[in-house]
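Numbering (UniProt numbering), first residue to last: 1 to 212.
Written below as structure tokens is the structure these notes are about.
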């Protein structure tokens with residue numbers, strides 16, 4: 001998480017050209033522990049269908065097939081495993097018209113590797129210099145250029161802790177911008193317990209606990 005995959009997918013999803021080309025646009029967040037029927041119901045509702053709660057999996061799949069008979073654009077966001085596509089959604093979704101498009105975001109490349117995929121876009125981590133440049137752009141104003149040199153060493157330590165994740169750097173930058181630009185303040189950030197949290201969730205920056 002934290003690479004900006006969801007942000008990129010959201011920009012594509014909301015692009016006017018996509019809106020104009022596809023009568024149906026569906027955004028589906030796929031949780032790590034999903035229930036098949038609940039997921040099918042969500043995508044059916046997003047496609048304009050109705051479910052009353054008592055349908056079987058087979059009935060839901062049949063209804064989904066009927067709903068994708070026209071051009072559609074679907075984003076399956078933050079997919080954790082191959083099962084959600086290969087065993088649940090591939091057959092009904094691939095039964096739609098050939099011009100429809102499906103975008104899958106995942107932190108695992110195996111999830112998006114299949115013969116149906118025409119393109120895989122990798123969202124790369126930033127190197128230390130690029131990350132520091134991004135942090136400076138967020139934190140400092142032009143007239144504060146002398147501060148950049150004074151805080152560069154500790155600033156790069158902060159960037160290293162962000163592990164090249166653009167969203168993490170932006171989140172921390174937002175916090176640092178609200179603090180005094182001094183080494184003691186930045187040192188507090190470097191030494192914060194926040195960094196020991198297990199995982200940076202997509203679109204939910206962990207920087208919030210750093211705020212006063």
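Positions of the beta carbon are idealized from the N, C-alpha and C atoms, including for glycine.
Here the structure is a predicted model, which means the values were calculated and not measured.
If you draw a straight line from the alpha carbon of residue i to that of residue j, how long is it in whole angstroms?
| i | j | result |
| --- | --- | --- |
| residue 178 | residue 46 | 39 Å |
| residue 28 | residue 164 | 27 Å |
| residue 127 | residue 66 | 47 Å |
| residue 132 | residue 58 | 52 Å |
| residue 80 | residue 92 | 20 Å |
| residue 89 | residue 160 | 39 Å |
| residue 119 | residue 87 | 21 Å |
| residue 15 | residue 101 | 14 Å |
| residue 22 | residue 154 | 48 Å |
| residue 75 | residue 69 | 17 Å |
| residue 55 | residue 168 | 42 Å |
| residue 192 | residue 136 | 20 Å |
| residue 103 | residue 173 | 30 Å |
| residue 83 | residue 121 | 21 Å |
| residue 5 | residue 61 | 28 Å |
| residue 142 | residue 78 | 37 Å |
| residue 138 | residue 175 | 10 Å |
| residue 211 | residue 157 | Because residue 211 sits at a pLDDT of 39, beneath the cut-off of 50, its placement in the model cannot be relied upon, and the following sentence gives the value as read from the coordinates. Going by the C-alpha atoms only, they are around 19 Å apart. |
| residue 149 | residue 123 | 30 Å |
| residue 145 | residue 43 | 50 Å |
| residue 183 | residue 140 | 14 Å |
| residue 240 | residue 52 | The structure shown has nothing for residue 240, since the chain only spans 1 to 212. |
| residue 19 | residue 10 | 12 Å |
Classify residue i as buried or exposed, calling it buried when 16 or more other Cβ atoms lie within 10 Å of its own Cβ.
| i | result |
| --- | --- |
| residue 12 | exposed |
| residue 108 | exposed |
| residue 166 | buried |
| residue 171 | buried |
| residue 41 | buried |
| residue 97 | exposed |
| residue 31 | exposed |
| residue 106 | buried |
| residue 35 | exposed |
How far does the alpha helix (DSSP H) with residue i in it extend, from its first residue to its last?
| i | result |
| --- | --- |
| residue 139 | 128 to 139 |
| residue 13 | 5 to 13 |
| residue 157 | 145 to 161 |
| residue 27 | Where residue 27 is concerned, there is no enclosing alpha helix (DSSP H), although the beta strand (DSSP E) it sits in stretches over 24 to 29. |
| residue 39 | 36 to 46 |
| residue 18 | 16 to 21 |
| residue 174 | 166 to 177 |
| residue 190 | 183 to 190 |
| residue 64 | 57 to 67 |
| residue 91 | 90 to 94 |
Specify, as a first and last residue, the run of the beta strand (DSSP E) that residue i falls within.
| i | result |
| --- | --- |
| residue 79 | Where residue 79 is concerned, there is no enclosing beta strand (DSSP E), given that its DSSP letter is neither H nor E. |
| residue 102 | 101 to 104 |
Determine whether the Cβ of residue i lies closer than 8 Å to any Cβ atom of chain C.
| i | result |
| --- | --- |
| residue 22 | Note that chain C does not occur in the displayed structure, where there is just one protein chain. |
message: Could you check whether the stretch 19 to 37 touches the stretch 120 to 135, counting it as contact only if at least three pairs of C-beta atoms, one from each stretch, sit closer than 8 Å?
response: No, the stretch 19 to 37 is not in contact with the stretch 120 to 135.
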